[in-house]
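Comments concern the structure below.
Protein chains: 2
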Amino acid sequence: MPELRQDPATKEWVIIATERMRRPHEFRRDVARPAQPDFDPNCPFCPGLEGRTPPEIWAQRDTGAANVPGWSVRVIPNKFAALVPEGNTEHLLLDGFFRHMDGVGYHQVVIETPVHNRFIHSMSHAEVEEILHAYRDRYLGLRQDRRVKLILIFKNHGEAAGTSLAHPHSQIVATPVVPAYVRRKCEEAIRYFDATGRCLYMDILKAEGQSGQRVILETNCFLVFHPFASHVPFETWIVPKRHRPSFGQVSMEELRDLAAVLKESLRRLAELLNDPDYNYVIHSAPVDGEDEEYFLWHLEIAPRLTRIAGFEIGSGMRINTARPEETARAVREITI
Amino acid sequence: MPELRQDPATKEWVIIATERMRRPHEFRRDVARPAQPDFDPNCPFCPGLEGRTPPEIWAQRDTGAANVPGWSVRVIPNKFAALVPEGNTEHLLLDGFFRHMDGVGYHQVVIETPVHNRFIHSMSHAEVEEILHAYRDRYLGLRQDRRVKLILIFKNHGEAAGTSLAHPHSQIVATPVVPAYVRRKCEEAIRYFDATGRCLYMDILKAEGQSGQRVILETNCFLVFHPFASHVPFETWIVPKRHRPSFGQVSMEELRDLAAVLKESLRRLAELLNDPDYNYVIHSAPVDGEDEEYFLWHLEIAPRLTRIAGFEIGSGMRINTARPEETARAVREITI
Chain P
1 MPELRQDPAT KEWVIIATER MRRPHEFRRD VARPAQPDFD PNCPFCPGLE
51 GRTPPEIWAQ RDTGAANVPG WSVRVIPNKF AALVPEGNTE HLLLDGFFRH
101 MDGVGYHQVV IETPVHNRFI HSMSHAEVEE ILHAYRDRYL GLRQDRRVKL
151 ILIFKNHGEA AGTSLAHPHS QIVATPVVPA YVRRKCEEAI RYFDATGRCL
201 YMDILKAEGQ SGQRVILETN CFLVFHPFAS HVPFETWIVP KRHRPSFGQV
251 SMEELRDLAA VLKESLRRLA ELLNDPDYNY VIHSAPVDGE DEEYFLWHLE
301 IAPRLTRIAG FEIGSGMRIN TARPEETARA VREITI
Chain V
1001 MPELRQDPAT KEWVIIATER MRRPHEFRRD VARPAQPDFD PNCPFCPGLE
1051 GRTPPEIWAQ RDTGAANVPG WSVRVIPNKF AALVPEGNTE HLLLDGFFRH
1101 MDGVGYHQVV IETPVHNRFI HSMSHAEVEE ILHAYRDRYL GLRQDRRVKL
1151 ILIFKNHGEA AGTSLAHPHS QIVATPVVPA YVRRKCEEAI RYFDATGRCL
1201 YMDILKAEGQ SGQRVILETN CFLVFHPFAS HVPFETWIVP KRHRPSFGQV
1251 SMEELRDLAA VLKESLRRLA ELLNDPDYNY VIHSAPVDGE DEEYFLWHLE
1301 IAPRLTRIAG FEIGSGMRIN TARPEETARA VREITI
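Those protein sequences? They're chains P and V, same order as listed. Note that the working numbering has the first sequence beginning at 1, numbered continuously upward. Note that the working numbering has the second sequence beginning at 1001, numbered continuously upward.
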């Protein structure tokens, strides 16, 4: 029979829908993603075409001037920015009722590699590490602006995940408000901390590690697992063992380890599911909460294998058509 | 520049993304939905094939036995139910940490018409009214089970909205928990009530009516508008003017008016956007809160014209690429 599982981070219930259950291999993509060349003369993220993007903010390059080839990772402002640096953060009242404000913030693009068709799941560890260094550097840069309340680093891979540009890239958005959703996750974590004296996310890590059923792999610094109340099939969490609320506090050793773990997690999904569309998000405490004990930064990968419908929109609950114990076993058993 | 607008119901911020803005007509579907016959011998919801569904729970029919043709609206248990009536509602603790319970509840399908290709936007008012009567009857039936905490009535139209069955149908799910998302909306509404002595949703209705910029139409019983902080382009709210927390309390006069208003709202969207995929959801107070003053049932239509990506997953915020003032004007101006 179906089961309801409560997400300890949000207290939301997830339906594990046995009547519509699919086996792990049934989520495999049946049509291959169109092959991409290693260079596309129409792609604004390819080397030699730097003039077609806004000027770069940051780049990893050996020598040479900005905005010319020679970089390995490049960060630029998003040409179609959802938030922009100019404006102010005052909340205004419209018609005596509606609250609004300027769309102040930052929206940047991390071009992960000059090679048009080189995705994280097939990169070397050193290449992935350079991307993560860009993330960390930009995180630390953006948090200097005191208007910034939350910094989200994320990646959209494939059309179902919301991107149309094939060239490997991720994005960073800095918001001038703490989103209500994030605020509530913090409130749950604070409530847990006040009741137990412990970080909720460290306890999730511990409980998942002890159960072991949903664990994919473990390294010096990280545990990777499909969480007990996974919202979607093959949802994957990468959680650091060392308590740091913010991704900005990650150490060099952790970044090196994360590069290997992220690549391996994505490689296994690509292998088992035939390069699925996915999003990943690095969750951090709000900037003002970086020194608090209740939150732990982590990375969540959400493959986009199913669609939400009216029930999910209306209730906020998710229907998951796979058991995380089964998907974790399938991912664990990949040996290639 | 981009704008942030706060949803008064959830306190979540929505980004109105001017840099990626599209004009209302640019959301129009460019490939026509595949035409459907009026009868499909392979469709389990078509008349004459009643034996291929679970036995009916409810039907509107003039004469004759159950589970044979002659019905105009038919309600059956979902063959692939997300929740089932058997089981108990005790919350259990697994591995000393994870909370779960049986997937107890109800999941029913409302077959809206015997005609395979007759959609609400082209039905007569009387036909739509019959569907709404089925909704109300089932709502009142399900709330008799004391394990039921929330009843959600919703419709998925088209593949992007999460359905694969073309035959016009909607669904009803009764959950044994109040979802955390719904609980938080209630908390916001209670906070508002405690501060002002008024129902938040009645005040939204009033403010939208007074502004008028986003209003689509108004009848004796309802106001239809694109809300100030619309999450998605063409999001449409149908809100009753009379204060009733639960859809179960709707009057016969309101149902008759709602039939006309719902049909007209969907007809205009179908006309302007070339029959878009959409979900609609009837939001009601939890069953235990049906007599409270802080909530107001209403119906929300969410066309599925855009996709969420990593930012939305990580932040809970939405990026809307249309101004509700512009989409409302476009919908208002349709005269055909």
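The beta carbon of each residue, even a glycine, is placed where N, CA and C say it ideally should be.
Short Cβ contact (9 Å threshold) for residue i with residue j
i	j	result
M1317 of chain V	P286 of chain P	no
A1166 of chain V	C1043 of chain V	yes
I204 of chain P	P8 of chain P	yes
S170 of chain P	I131 of chain P	yes
E112 of chain P	M1001 of chain V	no
P34 of chain P	I57 of chain P	no
F234 of chain P	P276 of chain P	yes
V239 of chain P	V224 of chain P	yes
P69 of chain P	E50 of chain P	yes
A1328 of chain V	R1214 of chain V	yes
W71 of chain P	P47 of chain P	yes
A82 of chain P	V73 of chain P	no
I151 of chain P	R143 of chain P	yes
V1075 of chain V	V1110 of chain V	yes
R198 of chain P	Y192 of chain P	yes
R1022 of chain V	A1322 of chain V	yes
A1195 of chain V	G162 of chain P	no
S1265 of chain V	T1219 of chain V	no
A1259 of chain V	S1122 of chain V	no
Coil, strand or helix - residue i by DSSP
i	result
P1024 of chain V	helix
V84 of chain P	strand
I1313 of chain V	helix
R323 of chain P	coil
F247 of chain P	helix
R268 of chain P	helix
V1177 of chain V	coil
E253 of chain P	helix
A1166 of chain V	coil
V1224 of chain V	strand
A302 of chain P	strand
L262 of chain P	helix
V232 of chain P	coil
R1307 of chain V	coil
L1004 of chain V	strand
R1329 of chain V	helix
Residue from the options whose Cα sits closest to the Cα of residue i
i	options	result
K263 of chain P	P:R191, P:F119, P:G310, P:A302	P:F119
G1096 of chain V	P:F311, P:G209, P:I319	P:G209
P1054 of chain V	V:F1045, V:I1313, V:R1061, V:D1062	V:F1045
W13 of chain P	P:P227, P:T236, P:H243	P:P227
A1229 of chain V	P:L205, P:I319, P:M101, P:V182	P:M101
I1015 of chain V	V:E1325, V:E1333, V:E1312	V:E1312
T1089 of chain V	V:H1231, V:V1148, V:S1122	V:V1148
L273 of chain P	P:F27, P:W71, P:M21	P:F27
Y1139 of chain V	V:R1256, V:A1174, V:H1125	V:A1174
L305 of chain P	P:N279, P:Y106, P:R242, P:D291	P:N279
K79 of chain P	P:L266, P:I172, P:H231	P:I172
G1248 of chain V	V:H1298, V:T1010, V:T1163, V:R1022	V:H1298
E19 of chain P	V:T1196, V:T1010, V:V1084, V:T1236	V:V1084
E293 of chain P	P:L258, P:L255, P:E187	P:E187
A160 of chain P	P:R136, P:A134, P:R29	P:R29
Under 8 Å by beta carbon: chain V residues contacting residue i
i	result
R191 of chain P	None at all; the shortest Cβ gap to chain V is about 13 Å.
I15 of chain P	A1082, L1083, G1103
D203 of chain P	F1097
T163 of chain P	A1309
R20 of chain P	F1080, A1082
Under 8 Å from the C-beta of residue i: neighbouring residues of chain P
i	result
D1102 of chain V	M1, P2, E3, L4
G1248 of chain V	Near G1248 of chain V there are no residues of chain P at all, since even the closest Cβ is about 16 Å away, more than 8 Å.
H1283 of chain V	G314
Per-residue contacts from residue i into chain P (C-beta, under 7 Å)
i	result
Q1210 of chain V	D95
V1182 of chain V	S315, G316
V1173 of chain V	F311
Interface partners of residue i on chain V, CB under 7 Å
i	result
P179 of chain P	E1012, W1013, S1315, G1316, M1317
Y280 of chain P	G1310
F228 of chain P	F1098
L152 of chain P	F1311, G1314, S1315
Interface partners of residue i on chain V, CB under 9 Å
i	result
K149 of chain P	Ordered by position in chain V, no residue passes the 9 Å Cβ test against K149 of chain P, which lies about 11 Å from the chain.
Practice item. Any chance you could list the beta strand (DSSP E) runs of at least 3 consecutive residues sitting entirely within the region 1093-1162 of chain V, in chain order? Key: Taking only runs of at least 3 residues, the beta strand (DSSP E) segments lying wholly in the region 1093-1162 of chain V are 1098-1102, 1106-1111, 1150-1157.
Check your understanding: Unbroken alpha helix (DSSP H) runs of length 4 or more, entirely within the region 1182-1222 of chain V: which are they?
Key -> DSSP runs (the alpha helix (DSSP H)) wholly in the region 1182-1222 of chain V: 1200-1211.
Review point. Can you list the beta strand (DSSP E) stretches of 3 or more residues lying completely in the region 1016-1080 of chain V, in chain order?
Key: For the region 1016-1080 of chain V, the full-length beta strand (DSSP E) segments reaching 3 residues or more read 1058-1061, 1071-1077 along the chain.
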